[in-house]
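Worksheet: the structure to be examined is printed underneath.
Numbering (this note's numbering), first residue to last: 52 to 811.
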């Protein structure tokens, strides 16, 4: 062969080929995920960076001490290779601001997927603004490093697909796209996390293993690093590096060991197996053995897993029943495809539907392939041996994840992404098999484009909004309710808005508070929101930093005004009907250390209690009334009846049933008068309906209200016959609402007689 023909036959790297285009699209999308996620908000990123910082600052490998709180937490038990490389890459950056940046949100909803507030794990501020510097710069540098590792993993997935399915470039494209545009893979790849290193190295070992298995079955002697003599060195080196990246890399060891046993069985050369195994083990020991020894010397265990669990706060292993595992499966499944932030942000359900659909299609394709193979027995293709080792790696990975999930009492499907190459290759093969190989290229390109688009949509639609702090406002919107309460002489609650006006138990109420900073503050005050219902029953509460955790008060600009919105869910068992009120307060240090509140004129306010919404009964309630009445009042209020008068030694009580036939325009006051035989008023009790918890303006037409009333009797009341009268009046003017009986005859003095009673 001439040098010219050799040059022509050599594969060329064309930027317009599918793989380079895919890698460029992946990297650009990964940058979008990195920019959408504030520093340290990715899964455990703050602790991964804490490990990097230990090495970069020259303090050496972490030594875990139970009960000692560190910046690296349980991550300090991880193998150090990723962190060592990261320390070299970022060590030149002055991150002396790390301690100031390492401030936790005390109300963070970590591990609460779908939370509407406090999705942020840490406090954020202007230190993260562009141009980056200090800790922020170091974190973004390392995120780029992780993205490069992710790009390498995607390229290796492509290559693994071609090893398992030779000459199927469409399948390779789809497999690589399923990996590259898996939102969870993108999210972790765009963060400081040692998963990125072990994914890359494990994928490389799998590609080498698949290629060696194909060469063995095909009768081709591998050359170079895949030669018979070099293979134990190559695979031992790869496994050792994988283990030193993350302990999950140890799953490669039994897979490679099985390969060596299989190869010896095929060739009948059992004598060489011991030498091969020894060389393989020596390489692992040379690279990672010191790490196991260090764990034994420090913690009396080789793997360091028990110490990691201790640092994590899990004191012992537990066994999980089938029902427990099933109950956790949804969260496990979601985290395989996309749960962001501190395991607190979910994308739209359509994202999970896309990938669940892909899995179902792949299963259908697998069933079709099995049926066809059973119907056409013959020689097993050479590359199927490589399939067996790939599937073994997948099964061991899943088994290890299930075991670890049970031991940590937390199921995270993302840990299965250690086998992302095998997963996506099998998915792609199943999907294309179901559609038909003749559609391979068109299907792969169309699916890749669709996956790319869905991956692009997630950061702006779902991640960014959870970290967007309220921006300063120019004015309060029209229709807001004025408040003008000043807290600690530092900031003012100017006004608020609420919607909807009426709810039932279990419903959400959206309230927006409008704050104005009167001066620059140095402290982060804690906001307490308590919703009260009937008899001050607490039916919803939230403790948070303003802005749902994103706008701590020390970040407020002097003179600026902010809109602060919350969705408060009324307790499902809240007593109805009642008016809901919102108690707004701030505290610092301890709950009982509340900030002082004053009006604009400086007078002290005991509290800020805002009228929130009307809590209705879901359906009109039907009561059994023992003594029907039928009287009515002007404006459409009707007295349905009573349950009779109950007399005690010093009081008289009655249960009254009311109903409005029309919406009431005012909050009227009910009077109850006790009249003696001479018509003299001897006792009375005035007050709004339900002691003010359900004023008449809140009444729903057609709904019946049951109201318990009691009149205290003076001790000097003589024995005899008495009557109990009731009526309504305007509290401001004292003017009574006219009343008439069921026949339309007006009651004297607009007072309806509820009944008579006798004092012995």
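Ideal Cβ positions, reconstructed from N, Cα and C, are used throughout, including at glycine.
Query	Result
Rounded to the nearest angstrom, what separates residue 462 and residue 312 at their Cα positions?	34 angstroms
Classify residue 130 as buried or exposed, calling it buried when 16 or more other Cβ atoms lie within 10 Å of its own Cβ.	buried
Would you please state the rounded distance, in angstroms, between the beta carbons of residue 616 and residue 563? I believe it to be under 8 angstroms.	4 angstroms
Answer yes if the segment 441-461 comes into contact with the segment 296-311, meaning at least three C-beta pairs across the two stretches below 8 angstroms, and no otherwise.	yes
Quick check on DSSP: helix, strand or coil for residue 267?	helix
Specify, as a first and last residue, the run of the alpha helix (DSSP H) that residue 608 falls within.	Where residue 608 is concerned, there is no enclosing alpha helix (DSSP H), given that its DSSP letter is neither H nor E.
In the DSSP assignment, find the unbroken alpha helix (DSSP H) run with residue 362 in it and report its ends.	356-363
Under the three-state reduction of DSSP, which class applies to residue 560: helix, strand or coil?	strand
Here's the rule I'm using: 16 or more other beta-carbon atoms within 10 Å means buried, otherwise exposed. How should residue 438 be labelled?	buried
What does DSSP give as the partner residues of residue 155 in its beta bridges?	173
Could you tell me which of 503, 619, 583 and 228 sits nearest to residue 595, measuring between CA atoms?	619
Just the C-alpha distance for residue 758 and residue 544, rounded to the nearest angstrom, thanks.	35 angstroms
Which runs of the beta strand (DSSP E) fall wholly inside the segment 717-785 and span at least 3 residues, in chain order?	720-727, 732-738, 755-763 and 771-780
Have a look at residue 186 and residue 560 and give me their C-alpha separation to the nearest angstrom.	39 angstroms
Give me the Cα-Cα distance between residue 713 and residue 690, rounded to the nearest whole angstrom.	14 angstroms
Could you please give me the residues that DSSP links to residue 791 through a beta bridge?	683 and 797
Quick check: the Cα distance between residue 209 and residue 600, rounded to an integer number of angstroms?	42 angstroms
Does the distance from the CB of residue 39 to the CB of residue 806 come in under 8 angstroms?	The shown model of the chain, from 52 to 811, leaves out residue 39, and the question about it has no answer.
So, under 8 angstroms CB-CB, residue 803 and residue 762 are touching, yes? Tell me the CB distance rounded to an integer number of Å.	The pair is not a contact, with the Cβ atoms about 15 angstroms apart (cut-off 8 angstroms).
For residue 368, does the three-state DSSP call read helix, strand or coil?	Summary for residue 368: the model assigns pLDDT 44, below 50, so the residue's position carries little reliability; its value from the coordinates is reported in the next sentence. It is coil, neither helix nor strand.
According to DSSP, simplified to helix, strand and coil, what is residue 184?	coil
Reducing DSSP to helix, strand and coil, say where residue 510 ends up.	helix
Between which two residues does the beta strand (DSSP E) containing residue 37 stretch?	Not covered by the structure: residue 37. The range shown for the chain is 52 to 811.
Measure the C-alpha to C-alpha separation of residue 554 and residue 635 and round it to an integer number of angstroms.	20 angstroms
Does DSSP put residue 247 in a helix, in a strand, or in coil?	helix
Please determine, among 250, 335, 119 and 592, the residue with the shortest C-alpha to C-alpha distance to residue 579.	592
With 16 other CB atoms within 10 Å as the buried threshold, where does residue 367 fall?	Legend: pLDDT at residue 367 = 47, less than 50; position of this residue unreliable, no value from coordinates given.
With a Cβ-Cβ cutoff of 8 angstroms, do residue 473 and residue 442 count as a contact?	yes
Can you list, in chain order, the residues of its chain with a C-beta nearer than 7 angstroms to that of residue 677? Leave out the 5 residues immediately preceding and following it.	694 and 695
Compute the distance between the beta-carbons of residue 626 and residue 225, then report whether it is under 8 angstroms.	no
So, under 8 angstroms CB-CB, residue 395 and residue 166 are touching, yes? Tell me the CB distance rounded to an integer number of Å.	5 angstroms
Does the distance from the CB of residue 576 to the CB of residue 614 come in under 8 angstroms?	no
Can you check whether the CB of residue 398 is closer than 8 angstroms to the CB of residue 83?	no
For residue 623, count neighbouring C-beta atoms within 10 Å of its own C-beta (all shown protein chains included) and say buried if the count is 16 or more, exposed if not.	exposed
With distances taken Cα to Cα, identify the nearest neighbour of residue 525 among 469, 679, 610 and 518.	610
Considering only their Cβ atoms, is the gap separating residue 471 from residue 230 smaller than 8 angstroms?	yes
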